[in-house]
Structure formats: C-alpha cells, structure tokens
Amino acid sequence: MLAPVAHIFPLTTIRRERLLPLPGRITVREGQKVNPMDVVAEARFGENHVLIDVGRTLEITPAEAQKLIQIKAGDVVSKGELIARKKGFMSQTISAPDSGRVLLVGNGQVLMEVGDSLFELRATIPGTVTQQIDDRGVEITFNGALIQGVWGNGEMNVGLMLPMLTTAEGSLAVQQLDVSLRGSVLLAGYCDDPAALRTAIELPVRGIILGSMSSALVPLALQAQCPIILIDGFNKRPLNPTAFKLLTTNAKRDVTINAVPWDRQTGTRPEIFIPLPVTQAPPSPRDVEAFAPDQAVRLIRDPHCSEVGTLVSLRPGLTPMPSGLRVAAAEVRLDSGEQIVVPLANLEVLE
Amino acid sequence: MPASMVDAESLLAVDVGTVTTRAALFDVVEGSYRFIASGQAPSTAAAPFKDLGEGVHRAIENLQTVTGRRFLAEDQSLIIPAHEGNGIDSFTATLSAGPAIKTVVVGLLNDVSVESVQRLARTIYSRVVDTIGLNDKRKSEEQIDSLLRLSPELILVAGGTDGGATHSVQHLMETIGLACYLLPADKRPALLFAGNKNLANEVKSTMQPLTSSLGISSNIRPDLETENLLPAQHTLTDLYTQIRRGQMNGVDELSRWSKNTLMPTAYAEGRIMRFLSQVYDSSKGLLCVDLGASAATVAAAFAGELVMGVYPQLGLGEGLANLLRYTSLEEIARWIPFDIPVESIRDYLFQKSIYPASLPATAEELAIEQAAARQILSVGLNGIAKDFPSGQVRRAAQGLTPYFEPILAGGSVITRAPTLGQSLLLILDAIQPVGITTIIMDQNNLLPALGAAATHNSILPVQVLESGAFLGLATVVAPYADVRPGTSILRGRLVYQNGNESHIDIKQGALELFPLPTGQSGRLYLTPMHRADIGFGPGRTHTEGIPVSGTALGLVIDARGRPLHFMANVARQREIVKKWYWTLGG
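In order, the protein sequence lines correspond to chains A and B. Sequential numbering from 1292 applies to the first sequence in my numbering. Sequential numbering from 272 applies to the second sequence in my numbering.
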C-alpha cells in the first residue's frame, strides 16, 4: 500500500523551484548563494484599473466617442493628461484620473492600469541558485537538515533556534519567556496557553517551532507576524522523538521556517531548513514509498499520536480496531519498546 | 465495440475520490445486470503523484485480483470490448478529487438570475469567491480588479430572460471580458453562459479567445417564473472536466476511456436521483446523502425535479477545520456518548483536516467523527431545504424534514461504521426523517456509477438497484406529535408473514426496534394517538395496514421527537445518546 511520507532528514539535498505569478526579471545569477529572505525575482504590475467610458461621460454614442479619443494602447499617461476632447461651443475634455499605462482602447472606452506595484519573490530557502527559469524564476538547491511540518501560519523568517525544552514533553510557558529571547526562534514541545503564545509573539521572536498546539490557538497564531510551525499537529503531545533529537542537536544554529500552509494538491508543506556544510551533495529524499517492514514511522492519530516507531509487519486482511472499525493495519514497535497494532491510514513514513 | 451501452453487457465504473479510488464491475448474470465486485486503492490525484491514473490502475488491478478477470492490458491500456473472458464492454468514470473550483457567479437580479446561478454553482465542487450582479455597488474597474485578484477558475454567467433586454448583460460581459483579457493566458478561467439566448452567439464570439474553455447552454431563467438548471448542469460537467484536466494528470486517459463522459461524482449522483424519482412514481421525494472526504452532497428529487447541494467546505477531510463556521462544538458534542472535552473535539477536527485519510482507532475518536458527520449532513440538508419545490413537498409541520421515500446514504463514515445500528442512528439523527420511510445504504459506493451509466443504459441502474446491491438498512416510522415525553402516541401491531405478531405501544421520546429480517415481510397496523402524524395526516392511518419489507435491522420506530429535543443537562443527554446506541445494537 502507498505510504504518505514526511521528511525529517539530518542531511539532505533539496531542489525547489521559485516562480513568479507573472513574467518578470530574475535578480540573481546561477551559482549565487541566497538567503531565504533574498529577492530572487521581481515583477511589476498595475495595482488597479480604471475604465474611462468616454461615450457615457460625454453622452454620445460609442462610435462617436471612439473618434474623440486621443491616446492608444501602450501609451504611458500622466495624471491630468488629455484622454478625449469634444470640440464645440461648450468644449468638453476627459483627462487621465491617475498616472498609468493605457491597456485597451475601443468602443469609446479606455482601460488604464494605474499604480505601479513591485512583486518581490523571495528565495524562502537558503541555498545556491542552480538554474534560471526563463523570465519566471529560479531553482534553488539546499544542503542541510530538513524537517517538514503539518501546519503553518503562512509566515516565513530566519533566526537562531533556542530550545525551550529539555525533553520532548516541554511546553511553552510564560515563565520561560524574557527579552533575552527577542529575535530568536523558539522550540517547544507543545503550547496550549494563549498567554505564552501571545507573549512569545510580542517579544517579538522570529519564529516558533512546536510539536503540537491546541487548535484553540489557531486564530492567534494566524495573526502572528512571525512564522509558527507545527511538526505533529493539534493536541497536547510531546514533540516526536525524531524531530526532537534533530532539532535539539542543531540548537543555536540559524534555522529558516517557511510556515506555508500544507497544500496537498501541490505537495507544498511547512518546512524548517537548517543549512549545514557538506563536501558532497547528500541524496535527496524520496517522496513516494510503499509500506514495508523496518521503515521508521510516525503515528498521526490518537492514542499514540506523534510517537515514532518501526514498522514490524503488515497484517494480512483487515484488523478490528478498538473503535470497531476493521482496517488494513500494521504491527509497529514504538521507541518505548511497546508493540502495537495501528491502522495503516494512521501511519506516515519518516524519511 | 458497442455503439452504446444499451448493447453492452459488462460495465467497469471508476470513481476517483480525494482519499479513495474505486473500480466497480457490473455484468449480466442470468439475464439481468448485477454488481459483481469492486476494487479500491488510495487516490493519487494530489502530490506526490499528481496523477490520478496511478490510483485508477491500482484500483482496477485490485478488482482484477478479486474477480480473476483482466481489464488492463500489458501496456496498462483498458481492454475494451471484452474478449475471451477479459476486458469490459463499456466504461464510466466519475471524479470528486481535487480542490473546490474557485468560482465567480454573475447574474442580473439578486432574487432571480443571481440566485439561480448560485444554485447552479452548488451542483458541482465549487467555491464561490465573488458574486457580480446589478445590485453590486462596485464600479466596473473595481469588479475587474476583484476578478484579477481572485483569478477564478470558473465564471458562471446568467441573466436576462429570453427575448428580453440585453444591455445589462452585455455590460456585465464587457467587464468580465476585460478582466479575462488582462489575465495571463494560462490563468484565464472557463466560462459558462446560461443567460438570454439572444446573446449566446455574441458571447461565443467575444469570449472564446478570452477563456480556457467556453460553454453555452440554454437560459437557466428563460422567464421570470421558470428555472431550468438541467442543460446548464450538463454543459458544466464538460467545463469541470476541462478545468480538472488542467489541474491534474490522468484526467485525459479517464476521459478517453469513458468516451468523454467523465463527470463530477455529485452530478452523477444527482442524475440517478432524478432518474429514480421518475422511475419510481412516489408521492414523496427521494433523498440521497453522501459524505466523503472532499464534500458533502445532498440531493433530493421530487417527481423528476432535482434539488442539490454539493458542499466542498463540509467534507470529512480538509474541510473539517472549517466546520465550526457552520456549527458549534456544543452541537457536535451533544451526539457523543462519551465525556469528551470540547477542546479535544476541536483538536480532533483540526488533526483530521491535516490527515484526511486517517481513521478513528478508538471508540471516542469514532464517536467524534460520527458526531461531526451528523452535523455536516444536517447543515447540508438545511442548506438545500429552501430550494425544495413548494408545490411538491409534503411535510408534517413547517421546519421539519419533508416526507422522503426512500432515503439513500453513502460515504465511508456511514457505510463502514462498525455496526449497522451506528449507521442507522447517524442517518436518523442527521436527517430526522418524518413519516414512514426506508433507509437504504450504498455500501459499495455504486450510486455515482449508476448515475453515469443511466443516460445510455436505463436498464442497468434499475436492475442493479433491485438486485440487492444496496443494503436495505431499516424501515423507519417517525411520528410527529406535539405532546410531552412519555405520552402514548402510537399503538398497533406488526403482523409477520408466519402470522406471529409484535405488539407496539410507543411513547413520545422512545426509539424502538422490531426485527424483521431481509427476505421476510409483514404488515403494520398503527393507531396514532394525540393527533400523531405518521405521514397520513394528524391522527390518521391506513386501516388495512401498511406492508413492510424486511431489512437488515428491521422496523425502527423513532418517536424521539421532531425536531429532536436535547437535554440541557449534558451528562443526562449523554446517557440518552448511549441508550439510543444501545437500542440499535451499539
């Protein structure tokens, strides 16, 4: 059976395409090292549009209006510049309401693009630009540790990671938080205290990494300006041991949190990157696996949510669960040594 | 190769869901169509595969294992027509996988074409992100900016009666055309025009180059009094396929195999409901509820007229995190027979939204999932209730569920419940039927297949439905009575085929089960008291008795009250829910 995969990798190579939503200009060159916040490409676009209906304004037919229009598509016009003039005893003029570019002229109407906005595409991962992709973006290659999360609040930042826990159970508590943590990335097991989360956000910190969080804190987390990423999900559980070990081993290193929401269609997940020096590019992780014995797995649902273990064997047929459901299941030996039966649907291969 | 499925014998039907892809085989056995077997596999439409073909092939391979018959050739192509015991004669495909389609609806008057086009949007897996109409106070350029910012995948346009004024619709089309022109070519939406027919040609010539695909259908509001969504729904299925083709790999192959009849799962379900309501001439409506990971679908048909609601925001998968926008934790908690803090219920909903394919392993988690399912179906049914055709709907009292016969239910949370009693209780609680009805369960997920096959082969759905492929779960009598709990409201007897009798004495608030196994039949003699209504009017009955067919659970009399009343005391309510579970077998 096909297995969902989550990457919690001490050393790997990741290649990511970063693409503009519309054609633009690439601002980095191949081989250039980039930080997550660096702009790798940019595109200009009109902020708003203005539709000038010459015919309706001058109370004439579209055909008549069309003859009076004195600009053409592509023209750049300044605020107040003449668009159309109706001659006569009572001459009437129509001027550009704002500076901008004429997109279309026809049927006695003028469509203008006004306001010049710049869209800046950031690298979002630390690494090296390995490819320029036409006028749309770049491919960036990263070497280091990768920890994929399950939920993110949409923000991104980089900072020094400071563990707020000595064991995987450690929760984020108000008492732990003081100004010395300002500008750092906090790591904790779980958070179910709104005061602790609010205090951390307001310090401010540059990011918060949690194993799990109470779902009641989602609105607060979504308002935060700093990235907040959950590694295991929504409950009150310790950080999974694999991620705990990897993250605490890399304490006091710069980490990048890209807390994008998980998009199952595209495969985009919230992620933590920790750049590490390599002499030779380590292998890239596999995204597709089938369940098999000896795989490291994470349990994603209660009663053992966020625990990790080793898949011992796949059970034939369907196995009844305590819920009464009969499901495809596997024997899993937890890190604690306990061996349990888990629905395959509740396992994720860690790789 | 048969020219149409009327000539065909075997049918392979594939349904691609968000979590599971299923392949079902139908064939002729002893001169009649039968459901033979099904195979399933995890869906692969999303990352990392991003190709639904992988899941389709695996589901068909599983079906091959079950049946010992080959459907796929060495090169993984479909063997069609059947040859020497392998392959199939015809193929249908339905699809519900994929994110809800970002849709903008456009019409003229809010309570006329805008309302109709919104109803049209609700018949597919869509998410309406903006509505543009005559009452819209925004300027044209603001509407253009909104369209550019939202970058919809689909625009549905209605407005203007046939032969009526065209100027207002032209003006709206101009705005939409400009926005489409300004969008990058690869981001242009599909567009369906279902407005004033006099504008159809003009819309076609101007919008063809500005859209990813264009559909023109007859007017959904040809005059102010008439609404006809049917032709537009049909055209919309083509656009749906086109949009999905651009979003995920494998759609092309599925479309080719099905000879371009790939359709949204919900559309196929709606189609079979409409078809059945025409075939089975019932004075009541037919109701179908289907709760999957991608959406909740509620379809009601009254003498051939279909009312449908497809709610991608109410699926049992990713949508669960949004469920609390439509209901409250307390409303979910009241269905749970365990003492579970509401915080844990919310955490459950969010965790399940992260892992839509995961399953409840504990009794407590299962109870939360089933409770959420009750609320989703209830919200879904309420969502379409206002659209029921007033002239054809009969109900015991205002605000209650109309009389339906039968009620069909699908979706794993219902059909894969550990006991049939749990399945039934979930349906009864969510729908709260009134009167006498039969609850039928689509435990093999066949309704979409039958809906897809129905246009070309009207015999297959009827014969498969009558073959026992669907599970008759229970015959339900749900009286409506305005009396205090504990008051006797129904007395009578159930006379079995063999002459034995069960005496019935039902008090308001009771839930009782009288076994009447599948294959047996009986006659039900009931005397309503205190003006209780079992569907014949207050205090009225059929003195000659009501024929009852045996079902898996038998006859269930649900006198718990309509609408269901909940105790203010949470602990007491929990005990009552436990009793309901216990009554129907746990």
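Just so it is clear, CB atoms sit at the ideal spot from N, CA and C, and this is done for glycine as well.
Take residue i and list the residues in its own chain whose beta-carbon comes closer than 7 angstroms to its own, dropping the five residues that flank it on each side.
i, result
"A/Ala1479", "Met1455, Leu1456, Gly1461, Ser1462, Leu1463, Leu1501"
"A/Gln1467", "Met1455"
"A/Leu1641", "Ala1297, Ile1299, Thr1533, Ala1587, Val1588, Arg1589, Val1599"
Given this structure, state the Cα-to-Cα distance separating residue i from residue j, to the nearest angstrom.
i, j, result
"A/Ser1369", "A/Gly1406", "11 angstroms"
"A/Arg1335", "A/Ile1519", "30 angstroms"
"B/Tyr304", "A/Gly1615", "34 angstroms"
"B/Glu636", "B/Asn840", "22 angstroms"
"B/Asp753", "B/Gln734", "42 angstroms"
"A/Glu1493", "A/Arg1473", "9 angstroms"
"A/Pro1396", "B/Gln414", "In the sequence on display, residue 1396 of chain A carries Val and not Pro. The straight-line gap from Cα to Cα measures roughly 18 angstroms."
"A/Val1579", "A/Val1588", "14 angstroms"
"A/Asn1531", "B/Pro673", "50 angstroms"
"B/Ser683", "B/Gln693", "12 angstroms"
"B/Glu846", "B/Phe837", "11 angstroms"
"B/Leu323", "B/Gly486", "25 angstroms"
"B/Ile730", "B/Glu815", "34 angstroms"
"A/Arg1624", "A/Ser1597", "14 angstroms"
"A/Gly1558", "A/Ile1424", "20 angstroms"
"B/Gln622", "B/His442", "47 angstroms"
"B/Tyr511", "B/Trp851", "42 angstroms"
"B/Lys849", "B/Ala842", "11 angstroms"
"A/Val1345", "A/Glu1333", "35 angstroms"
"B/Glu540", "A/Asp1484", "46 angstroms"
"A/Val1569", "B/Phe320", "30 angstroms"
"B/Leu736", "B/Tyr538", "19 angstroms"
"A/Glu1350", "A/Gly1379", "14 angstroms"
I'd like to check one pair, residue j with residue i: are the Cβ atoms closer than 8 angstroms?
i, j, result
"B/Ala308", "B/Leu334", "yes"
"B/Leu630", "A/Val1618", "yes"
"A/Leu1451", "A/Val1476", "yes"
"B/Ile543", "B/Leu721", "yes"
"B/Ile702", "B/Ile678", "yes"
"A/Phe1564", "A/Thr1540", "no"
"B/Ser397", "B/Thr365", "no"
"A/Glu1404", "A/Leu1412", "no"
"B/Val399", "B/Val385", "no"
"A/Met1447", "A/Pro1634", "no"
"A/Val1429", "A/Ile1317", "yes"
"B/Phe306", "B/Ala740", "yes"
"B/Leu742", "B/Gly763", "no"
"A/Ala1364", "A/Ile1374", "no"
Pop quiz: residue i and residue j are said to be a contact at Cβ under 8 angstroms. What is the actual Cβ separation, rounded to whole angstroms?
i, j, result
"A/Ile1233", "A/Val1420", "Given a span of 1292 to 1642 for chain A in the structure shown, any question on residue 1233 of chain A remains unanswerable."
"A/Gly1440", "A/Ile1343", "Not confirmed; about 49 angstroms, so no contact."
"A/Ala1572", "A/Asn1434", "6 angstroms"
"A/Gln1422", "A/Glu1321", "7 angstroms"
What are the boundary residues of the beta strand (DSSP E) that includes residue i?
i, result
"B/Val578", "576–582"
"A/Pro1566", "1562–1566"
"A/Phe1380", "Counting along the chain, A/Phe1380 falls outside any beta strand (DSSP E), and DSSP gives it neither H nor E."
"B/Thr708", "706–712"
"A/Pro1634", "1630–1634"
"B/Phe546", "It is not in any beta strand (DSSP E) - B/Phe546 instead sits in the alpha helix (DSSP H) that spans 536–550."
Within the continuous alpha helix (DSSP H) that includes residue i, where are the two ends?
i, result
"A/Glu1493", "1485–1493"
"B/Pro732", "730–736"
"B/Gly808", "Looking at the DSSP string, B/Gly808 is not in any alpha helix (DSSP H), and its letter there is neither H nor E."
"B/Ile415", "411–421"
"A/Gln1439", "No alpha helix (DSSP H) holds A/Gln1439; the beta strand (DSSP E) holding it covers 1428–1439."
"A/Pro1510", "1509–1514"
Is there at least one Cβ from chain C nearer than 8 angstroms to residue i's Cβ?
i, result
"A/Phe1525", "Reference to chain C is not applicable here, since the protein chains of this structure are A and B."
Going along the chain, which residues of its own chain have a beta-carbon closer than 8 angstroms to the beta-carbon of residue i, five neighbours each way excluded?
i, result
"B/Phe785", "Leu765, Ser773, Ile775, Gly825, Leu826, Val827, Ile828"
"B/Asp433", "Asn467, Lys468, Asn469, Asn490, Pro493, Asp494"
"A/Lys1543", "Leu1451, Met1452, Leu1453"
"A/Arg1376", "Leu1359, Gln1361, Ser1382, Gln1383, Thr1384, Ile1385"
"B/Val522", "Leu323, Leu366, Thr512, Arg515, Arg516, Leu533"
Apart from the five residues on each side of it in sequence, which residues of its chain come closer than 6 angstroms, Cβ to Cβ, to residue i?
i, result
"B/Tyr582", "Ala566, Ala567, Gly651"
"B/Pro502", "Ser488, Ser489"
"B/Val613", "Leu600, Ala604"
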